[in-house]
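Here is the structure we will look at, set down as structure tokens.
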Amino acid sequence: MEPLAIDPPLLTIRGGFLRSFEKNVAVIRAIGFNIELTIFRPSSTQYDEPLTLFFENIRGQEVEITSPDGKIENMLRSETDVLCDVTGLRTQKIFLSSSRASEEFDFLFIGDVHGMFHHFESVIESANQLDPLFIMANGDMTHSGRLEDFHAFADVANKATVPVFTSLGNHDKRAKGGRATYRDLLAPFYYSFSVNHSTFIVLDSSRKRGLQKFQYKWLERELQVARQKGDRIFVFLHRPPVCPKYNYLAFSASANAHRFLALMERYRVEIVFGSHIHVFTEFEKRGIRYVVTGGGGGALWQPQNVHHYLHVFVKRDGVDIRMVQLPTPEAKVSQRIKDVLKFNWDHHIGRNKHIQQMLLLWTALNLGQSAVERRERRWRRRQRF
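So for the sequence shown, full-length UniProt numbering puts the first residue at 1; every next one is plus one.
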């Protein structure tokens, strides 16, 4: 007689998400510095059977782990991982919390790597030497959103000795299944985390029009909670709501942009960090500081620009930002302009339906005509004026 199948434990996670759960081993990726895990064991035979937990993307040497209603055994730590076995009651809670108490810290910020992973590797190497609190990769980590590109990014990110957080960019979802791959490997589409009296809110602005209604409702709740706690608030999103000189690349729906700006003003957000536009610029809207940086590896949009990332220092009396240059290939101004034109054609002009229709019409008119016939047609057209 075959033994009865026993349902596996049920896991509820805050501050992270379940990457995989097989053979009583759960892999949990952190999306912040505090994790609350609830384990529900359907069968009483599981109470004494250890469940192996592997937490990744967390400051493994610093995090404190407690379980008021169970045991934590066989713990192993690395810079960004924790492995342990847990046993406990039918319902067991496990808490992971950051032990850092200082309100002053720093982090590294990079946007628009676009598959140039050697640039991202330079950021990882700097982080491993400087030991910032975390690294933020603000969308368009990949250029095509293919599975192999996400794996290549993850392979580089796994070399970091500090947590790496991400946001979703428009290029990351270009390939079929790109959004699902991002969610399964790296992070939810939008989330928040808190540390040292600061709240960080990560948004999904990969849509051209801006944020969707349900995300605005979630965002306002997060802003309310952060303001009630008295936290400083930082917002990360790939596509910025507005950007002087490049507003055509920001939120395409003006009402959406105005709603976003109003929320940032109402809740006195300290800084909004955006990317998507391959320049580095800072500006102020309604009293709120905005930083746009997209120089992590994609085609540079101005001849004088360089590839770069930001080193951000959060201090008690403000925030200092230092731009760190990455290796930028020497190129003539004419070549830079060609690169920009090609990039805009491939990703903007070439997708315009009206231009596509005009090209099809032009092709149809000229198809099958000799050079002499085309010259005669142009001559007749000029004679009309």
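No residue lacks a Cβ here, since even glycine has one placed at the ideal position from N, Cα and C.
On a predicted model such as this, the values are computed, not experimentally measured, just so you know.
Handout entry: Rounded distance between the beta-carbons of Phe260 and Gly294, thought under 8 Å
Key = About 18 Å; that fails the 8 Å criterion.
Problem - Three-state class that DSSP yields for Ala26 in the structure shown - result: strand
Handout entry: Length at least 3, wholly inside the stretch 203-282: the beta strand (DSSP E) runs in chain order
Key = 232-236, 271-274
Practice task
Can you have a look at Leu237 and say buried or exposed, based on whether 16 or more other CB atoms are within 10 angstroms of its CB?
Solution key: buried
Practice task
Return helix, strand or coil for Lys315, following the three-state DSSP convention.
Solution key: strand
Problem - Cα-Cα separation, Phe153 to Met116 - result: 9 Å
Practice task
With DSSP collapsed to three states, give me the class of Leu360.
Solution key: helix
Problem - Exposure of Asn74, with buried meaning 16 or more beta-carbon neighbours within 10 Å - result: exposed
Exercise for the section: Entirely within the stretch 79-153 and at least 3 residues each: give me those beta strand (DSSP E) ranges in chain order. Expected result: 81-88, 91-97, 105-110, 135-138
Handout entry: Leu168 and Leu219 closer than 8 Å at C-beta
Key = no
Handout entry: Ser252 to Ser20 span [Cα, whole Å]
Key = 37 Å
Practice task
Could you tell me whether the stretch 183-195 touches the stretch 15-29, using the rule of 3 or more Cβ pairs below 8 Å?
Solution key: yes
Exercise for the section: Compute the Euclidean distance between the alpha carbons of Arg207 and Thr87, then round it to the nearest angstrom. Expected result: 44 Å
Practice task
Note the first and the last residue of the continuous alpha helix (DSSP H) segment covering Leu185.
Solution key: 178-185
Problem - Stretch-stretch touch, CB-based, cutoff 8 Å, three pairs: the stretch 165-181 with the stretch 137-157 - result: yes
Handout entry: Local Cβ density within 10 Å of Gln129, reported as buried at 16 or more and exposed below that
Key = exposed
Problem - Own chain, CB closer than 7 Å to Leu223, minus 5 neighbours either side, in chain order - result: Ile233, Leu263, Tyr267
Problem - Lys285, DSSP secondary structure in three states - result: strand
Practice task
Compute the Euclidean distance between the alpha carbons of Gln61 and Leu11, then round it to the nearest angstrom.
Solution key: 24 Å
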